[in-house]
Structures are given as structure tokens and as C-alpha cells.
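Worksheet: one structure, shown below.
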Amino acid sequence: MPHPVRAGALVLSVAASLLAVAPPAAQATTTLAACQNGYVGLTFDDGPNPGNTSTLLTTLRNNNVRATLFNTGQNAAANPGLVAAEAGAGMWIANHSYTHPHMLTLSQAQMSSELSRTQSAIQNAGGGTPRLFRPPYGETNATLQSAASALGLRTVTWDVDSQDWNGASTAQIVQAASRLTNGQLILMHDQYATTIAAIPQIVSGLNSRGLCAGMISPSTGRAVAPDSTTPPPGGGSCSATYAEGTKWSDRFNGQVTVSGATNWTVTVTLHSPQRVLATWNAAVTYDSTGLIMTARPNGSGNVFGFTVQHNGNWSWPNLNCV
Numbered sequence: 519m520p521h522p523v524r525a526g527a528l529v530l531s532v533a534a535s536l537l538a539v540a541p542p543a544a545q546a547t548t549t550l551a552a553c554q555n556g557y558v559g560l561t562f563d564d565g566p567n568p569g570n571t572s573t574l575l576t577t578l579r580n581n582n583v584r585a586t587l588f589n590t591g592q593n594a595a596a597n598p599g600l601v602a603a604e605a606g607a608g609m610w611i612a613n614h615s616y617t618h619p620h621m622l623t624l625s626q627a628q629m630s631s632e633l634s635r636t637q638s639a640i641q642n643a644g645g646g647t648p649r650l651f652r653p654p655y656g657e658t659n660a661t662l663q664s665a666a667s668a669l670g671l672r673t674v675t676w677d678v679d680s681q682d683w684n685g686a687s688t689a690q691i692v693q694a695a696s697r698l699t700n701g702q703l704i705l706m707h708d709q710y711a712t713t714i715a716a717i718p719q720i721v722s723g724l725n726s727r728g729l730c731a732g733m734i735s736p737s738t739g740r741a742v743a744p745d746s747t748t749p750p751p752g753g754g755s756c757s758a759t760y761a762e763g764t765k766w767s768d769r770f771n772g773q774v775t776v777s778g779a780t781n782w783t784v785t786v787t788l789h790s791p792q793r794v795l796a797t798w799n800a801a802v803t804y805d806s807t808g809l810i811m812t813a814r815p816n817g818s819g820n821v822f823g824f825t826v827q828h829n830g831n832w833s834w835p836n837l838n839c840v
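As C-alpha cells, this is what we get:
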């Protein structure tokens, strides 16, 4: 069932990339000119989703912008590696309920459960503690807002609906974004190719109007300039390509080739009940579940590998590179 889930705020980091190359005297002038007419919030609901979220993050990074991602708890719990990738890409991660129900049909206790379980799922996946809540379908009332406030969450909806959930074309999504003004938020979603294809044109349109993509203020619910609470990722972009290696009855080898950067972080998300038995050519760490491996360069180049004990699941791991 289509649902307009309010999309969170995106932060244009063109200023950040300019700071990296501009001399100090030019930095303030460049930033002011780029964002002279203020900030808007580009938001994406319903993630994270395998096969979509990684493409979304790559597209946002390639266009030097950051966004607010309103994740459902059940998707965060099922795809913790993607939540970690969202955080690693410098996005702001927010609460969109656990199961995406019509919240106003629930008791106050059920409302609180939907929100608190989502907070835990995002925190456990390395996404930090959300400070914003977007109610599914935009449906809210005083009881729901009270339940959100009790968890330190500001309830936000949207000003412009991209209608991507309703079959809008890429051109129509771009047109919707052209109506954004200072402080406003646009609703978009994680799972539509038309939406991801619209991002470069949306960013170009904002630039031409002196607007930047910004964060959503937990105090006002409006788009503002980014603060230091969520640092932006490092510059540049990269991609990680998986190649199947030798297979045995109980395990298999995989090889990852990184392109586009020499200073990279690759998140490798396994599929339960898989486990990594050995790695080579990278420095690796694991989350508490053992299913998310984070790999970084160790001086051995941009190709690394690992052995996975499959335990009956032969699926290839998911990769994200930042």
C-alpha cells in the first residue's frame, strides 16, 4: 500500500568541499553565496532497504549533499549494516516507527513501543540516537506527540510532497522540489529509482536558487545549517565490487575491489547464520552480532578478501563503501 512517509532533511555539503580547496579568506564568502537564501530539508523515508539504500547513499555523496533518513525499526533491525553505512556517509538518521502502522489506531502504550523499539534498533545498528520522529502517513495527534516527546523526539512532517509514493516521474519529483523555500522539508522515499534519479537535478536547482540542503533542527523542526553534532564524512566517493572465490562444502571465499579512493571504509554485511573465519589485506572490526564487518586499508592496497562459514546460507554479503 503506497504511503506518503515524510522525508527528512538533506544537507548540502558543497560548502564543505569548497572549504577543502579554498584558501581561508575565501571560505566564508563562498559559503555565504552558496546558501544565501537559506536551507531546505531533503528527507527519505522507509529505509534502509537492500539494493536501494546503497545506491541512494552513493548518489547523495556524489552530489555532495547530506539528508535526513527516516528509518523504520524493522528495516533497521533487519539491515544493521545499512544503518551503519548511512551514519558513515554522514546522514542524519531519524525514527519512522517500527512497523509503519496507522499510529492513531494504537493505544498510547503501543505508540510508545513502536517508537522505543525503533530507537533501540537504530542505536544497536550504530546509527546514533534519533532526535526526530516522522509519523507514518503524516498522521499525528497530541497523544502521539507526547509519546514522542517522552523519548526526546521532535515530531516533524513535511511541506512539499514529492508524490514519489504515488508514481510521480523523475521530472515531477524535480518540479516538486522546485517549490521548496527556506526552512521547508520535502517528502521522498528510499525505495524508488525515480527519486534517486531526481537527486542531481534537485541539487542543481537548489544551487541555482541560492539554497542548500540542511539538517532538521530538533528544536524547531525546520531546515537549518548543519551543526557539529553529526560530522560530515570525508571527501570523495568510492565503490566496492565483490567477486566470488573458492567454495568448499562449509565455507566460501570472497574478494572485494575498491575503486575511486585509497582512504576508504567498506561495510560488509553478512546474512545470518554466516560468520567470517579469516580475512586478508585489510584491517577489520566487527559489530556485536558478528554479522557486520568494517574493513579499512592496512597498507596492502585496494583489494581485500575473507572466508565465510556459510552455515547453510550461500548468499553474497552486501557491501557499502565510503
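Mapping the sequence shown onto this note's numbering, position 60 (from 1) lands on 578, and the numbers just tick up by one. Where is the CB? At the ideal position from N, CA and C, for every residue including glycine. Just so you know, these numbers come straight off a predicted model, no measurement behind them.
Provide the residue(s) that pair with Trp683 in DSSP beta bridges, ordered along the chain.
Looking at the DSSP assignment, Trp683 forms no beta bridge with any residue, so it has no partner.
Quick check: the Cα distance between Leu837 and Ile734, rounded to an integer number of angstroms?
When rounded, the distance between both Cα atoms is 28 Å.
Leaving out the 5 sequence neighbours to the left and right, which residues in its chain are closer than 7 Å to Ile611 when beta-carbon positions are compared?
Scanning its chain for C-beta atoms nearer than 7 Å, with the 5 sequence neighbours on each side dropped, one finds around Ile611 the residues Leu587, Asn589, Val601, Glu604, Ala605, Ile640, Gly645, Gly646, Pro648, in chain order.
May I ask you to report which of helix, strand or coil DSSP gives Leu658?
A small fix is needed here, since residue 658 is Thr in this sequence, not Leu. Thr658 falls in the coil class under three-state DSSP.
Do three or more CB pairs link the stretch 788-796 to the stretch 807-815 at distances below 8 Å?
The answer is yes - the stretch 807-815 touches the stretch 788-796, with three or more Cβ pairs under 8 Å.
Mind checking His620: buried by the 16 CB within 10 Å criterion, or exposed?
His620 is exposed by the Cβ-count criterion.
Apply the 10 Å Cβ neighbour rule to Ser680 and answer buried if 16 or more other Cβ atoms are within range, or exposed otherwise.
Counting Cβ neighbours within 10 Å, Ser680 comes out buried, since at least 16 surround it.
Helix, strand or coil for Val786? Go by DSSP, reduced to three states.
It is a strand residue.
Anyone know if the C-beta pair for Leu575 and Ala627 falls short of 8 Å?
For Leu575 and Ala627, no; Cβs fall outside 8 Å.
Please classify Trp832 as buried or exposed, where buried requires at least 16 neighbouring CB atoms within 10 angstroms.
Label assigned to Trp832: exposed.
Hey, how far is the Cα of Leu795 from the Cα of Gln592?
Each residue's Cα considered, the two are about 28 Å apart.
Does DSSP put Leu703 in a helix, in a strand, or in coil?
If DSSP states are grouped into helix, strand and coil, Leu703 belongs with the strands.
When you compare the stretch 554-574 with the stretch 817-830, are there three or more beta-carbon pairs, one atom per stretch, that lie closer than 8 Å?
The stretch 554-574 makes no contact with the stretch 817-830, as fewer than three CB pairs between them are under 8 Å.
Which residue comes first and which comes last in the alpha helix (DSSP H) that contains Asn647?
Asn is not the amino acid found at residue 647; the sequence shown has Thr there. Annotation for Thr647: no alpha helix (DSSP H) segment contains it, and DSSP assigns it neither H nor E.
Contact check, Ile691 vs Thr713 under 8 Å by CB: the rounded distance?
Correct: roughly 6 Å between the Cβ atoms.
Within the continuous beta strand (DSSP E) that includes Arg793, where are the two ends?
Start and end: 793-798.
Taking a contact to mean a Cβ-Cβ separation below 8 Å, would you say Arg697 touches Val678 in this structure?
Yes.
Please confirm whether Pro815 and Asn781 have their CB atoms less than 8 Å apart.
By the CB criterion at 8 Å, Pro815 and Asn781 fall inside the cutoff.
In angstroms with no decimal places, state the Cα-to-Cα distance between Ala800 and Thr783.
Linking Ala800 to Thr783 through their CA atoms gives a straight-line distance of about 10 Å.
Span separating the alpha-carbon of Arg652 from that of Ala668
Between the alpha carbons of Arg652 and Ala668 lies a gap of roughly 15 Å.
Compute the Euclidean distance between the alpha carbons of Ser630 and Ala665, then round it to the nearest angstrom.
Roughly 6 Å separates the two Cα atoms.
To which residues of the same chain is Glu632 closer than 6 Å at the C-beta, ignoring the five residues directly before and after it?
Ser615, Tyr616.
Based on the DSSP output, what are the partners of Ala761 in its beta bridges?
Looking at the DSSP output, Ala761 sits in a beta bridge with Gln773.
Boundaries (first-last residue) of the beta strand (DSSP E) holding Gln827
It spans 821-827 - the beta strand (DSSP E) in which Gln827 sits, taken as one unbroken run.
Measuring alpha carbon to alpha carbon, tell me which residue in Asn725, Leu650, Leu705 is nearest Pro736.
The shortest CA-to-CA distance from Pro736 to any of Asn725, Leu650, Leu705 is the one to Leu650.
Where does the unbroken beta strand (DSSP E) through Arg814 begin, and where does it stop?
Where Arg814 is concerned, the enclosing beta strand (DSSP E) starts and stops at 810-814.
Same chain only: Cβ atoms within 8 Å of Pro654, ignoring 5 sequence neighbours per side
Sequence-distant Cβ neighbours of Pro654 in its own chain, meaning closer than 8 Å and more than five residues away, are His521, Val523, His614, Ser615, His618, Pro619, His620, Met621.
Quick one: Cα of Ser625 to Cα of Leu703, how far?
If you take the alpha carbons of Ser625 and Leu703, they lie about 29 Å apart.
Check whether Gln709 and Asn567 have beta carbons under 8 Å apart
Between Gln709 and Asn567, the CB-CB gap stays under 8 Å.
So, for Val776: in the same chain, excluding its five sequence neighbours on each side, which residues have a beta-carbon less than 7 Å away from its beta-carbon?
Only Cys756, Ala758, Trp782, Val784, Asn820, Cys839 meet the Cβ criterion.
Hey, how far is the Cα of Leu705 from the Cα of Cys553?
Roughly 21 Å separates the two Cα atoms.
So, using beta-carbon positions, are Asn555 and Asn700 closer together than 8 Å?
Yes, the pair counts as a contact, with Cβ atoms nearer than the cut-off.
Given this structure, state the Cα-to-Cα distance separating Asn570 from Gly739, to the nearest angstrom.
Rounded to whole angstroms, the gap between the alpha carbons of Asn570 and Gly739 is 27 Å.
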